[in-house]
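These notes are about the structure you will find just below.
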DNA sequence: GTCTATATCCTGATAGAC
DNA sequence: GTCTATCAGGATATAGAC
């Protein structure tokens with residue numbers, strides 16, 4: 001990659017960061033190119049040298065958001081003798097924390113806050129990849145005997161999707177910015193993980 | 209209530225209906241008073257005779273939304289010999305259907321799509337009431353022996369909140385308008401209900 | 001109660017000079 | 001690449017006549 005491309009990529013990063021900052025403050029729909037340019041010390045038309053439109057900018061935030069969020073999913077360690085329930089609980093916490101710290105991306109990823117905008121098929125691919133990764137982890141857990149072999153892997157993946165979407169949505173709408181471990185999440189994260197493992201796990205565990 | 213009040217209430221209803229229509233089409237944040245007035249055959253300033261501001265209009269849609277949605281929660285029948293799992297599954301379907309048919313209200317209720325708007329404390333009371341109703345149903349189910357008496361009622365209520373928020377969010381963001389029974393919801397509604405009952409129910413049931 | 005007229009400010013996007 | 005200038009339109013909200 002040549003020097004110009006590096007420099008260009010850096011400007012793109014800066015634009016995305018400024019845009020995310022604006023959206024985090026006033027909600028995703030409050031994104032305005034004028035405000036982004038202002039914070040960067042540029043004029044609005046200059047932004048069009050890097051993005052074709054406001055929608056393309058949203059697309060890129062959405063795409064990178066799923067890319068980064070995917071690392072959280074992937075960081076759930078599935079090992080033969082690990083405590084899957086605790087890993088899952090940790091994953092819920094991490095997701096909520098991530099959504100707090102990346103509100104702009106999270107709103108675009110889990111809601112549909114921008115009038116007349118929806119992610120392009122290309123951007124949507126990044127989201128699909130995360131689902132696919134999750135599906136892989138479920139299969140792995142099954143092969144290790146941590147999750148019931150007779151349960152439908154697709155079903156478990158969908159159920160996990162609902163749980164993660166649920167906690168993130170509640171966090172963003174009810175107490176944005178409140179740290180996961182001190183907020184409402186702490187009241188149900190472990191309960192959700194327990195419930196999932198109780199239904200789909202193989203271990204018989206005592207329940208209070 | 210005098211004739212003028214009746215007439216006034218009817219106009220208020222019509223404004224709310226028009227506003228909901230606009231928001232349903234382009235997303236909640238696409239609400240514009242000009243467009244509302246246009247559809248009603250009025251001028252924008254006339255709306256200010258009924259609502260003090262755009263925010264107040266959102267507040268009222270939010271408040272009425274929770275009021276109406278509360279009827280779905282309340283319609284989950286908890287009877288001593290009823291099948292609670294099936295009632296819960298039906299409740300999930302009904303919620304998704306309701307969210308589809310009342311997209312404007314649902315977006316305001318479960319997301320935070322309008323820049324710089326958040327529900328007033330008064331409007332939020334309607335939401336709290338629904339949680340309280342749910343909590344009551346959980347207690348009732350416990351007293352009937354349908355849910356474990358040794359489980360925390362608050363915890364179960366919170367868990368249910370996450371499940372309902374999760375399915376509604378996924379519906380609104382992934383396939384708005386698609387009927388619940390023919391969409392993705394059909395792939396996990398019963399699985400979620402099963403999972404909840406498996407963990408918190410008293411019956412021992414065979415699981416495939 | 002509803003209107004016209006207006007204040008004030010914002011938006012995304014483009015043309016073309018430098 | 002970035003700028004100035006501008007287009008064409010939108011928004012919420014208010015003042016005051018009828």
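Residue numbers (the working numbering), protein chains in the order written: chain B, 1 to 208; chain E, 209 to 416.
Beta carbons: idealized from backbone N, C-alpha and C, even for Gly.
Values in this document were obtained by computation on a predicted structure and should not be read as measured data.
Nearest Cα to residue 364/E within the set 195/B, 29/B, 96/B: 195/B. Against chain B, the CB of residue 274/E has no partner CB under 8 Å away; the residue lies outside that interface. Apart from sequence neighbours up to five positions away, the residues of its chain that approach residue 362/E with a beta-carbon distance below 8 Å are 343, ordered along the chain.
Residue pairing by DSSP puts residue 147/B in a beta bridge opposite 201/B.
Non-local C-beta neighbours of residue 46/B in its own chain, meaning closer than 8 Å and more than five positions away in sequence, comprise 37, ordered along the chain. Per DSSP, the continuous alpha helix (DSSP H) segment holding residue 91/B begins and ends at 84–101.
Here residue 287/E carries a coil assignment [DSSP, helix/strand/coil].
CA-CA distance, residue 409/E to residue 291/E, rounds to 11 Å. Excluding residues up to 5 positions away in sequence, 87 lie with their Cβ nearer than 7 Å to the Cβ of residue 77/B in the same chain.
Residues of chain B with a Cβ closer than 9 Å to the Cβ of residue 361/E do not exist; the shortest Cβ-Cβ separation is about 12 Å. Distance from the CA of residue 189/B to the CA of residue 94/B, rounded to the nearest whole angstrom, comes to 11 Å. Per DSSP, the unbroken alpha helix (DSSP H) holding residue 277/E starts and ends at 262–282. Remark: C-beta atoms of residue 381/E and residue 43/B do not approach each other more closely than 8 Å. Put simply, of 39/B, 34/B, 2/B the residue whose alpha carbon is nearest the alpha carbon of residue 14/B is 39/B. Counting C-beta pairs with one atom in each stretch, the stretch 324–332 of chain E and the stretch 375–393 of chain E have fewer than three that are closer than 8 Å, which means they do not touch. Setting aside the 5 residues that flank it on each side, residue 280/E is surrounded in the same chain by 299, 302, 303, 306, each with a C-beta closer than 8 Å to its C-beta; the list follows chain order. Annotated as distal: residue 373/E and residue 143/B, with beta-carbon spacing of 8 Å or more. Per DSSP, the unbroken alpha helix (DSSP H) holding residue 222/E starts and ends at 211–234. Between residue 130/B and residue 69/B, the C-beta gap is smaller than 8 Å, which places the two residues in contact. Separation of residue 147/B and residue 160/B (C-alpha to C-alpha, rounded to the nearest whole angstrom) is 13 Å.
Proximity of residue 169/B to chain E, defined by a Cβ-Cβ separation below 8 Å, is satisfied.
Of all residues in the stretch 176–192 of chain B, only 176, 184, 187, 188, 191, 192 come within less than 8 Å of chain E when Cβ atoms are compared, listed by chain position. By the neighbour-count criterion, in which a residue is buried when 16 or more other Cβ atoms sit within 10 angstroms of its Cβ, residue 405/E is buried. Taking the CA atoms as reference points, residue 63/B sits about 12 Å from residue 110/B. No Cβ of chain E is located within less than 8 Å of the beta carbon of residue 53/B. Taking C-beta separations shorter than 7 Å and ignoring five residues to either side along the sequence, the partners of residue 349/E in its chain run 286, 292, 355, following chain order.
DSSP, read as helix, strand or coil, puts residue 118/B in coil.
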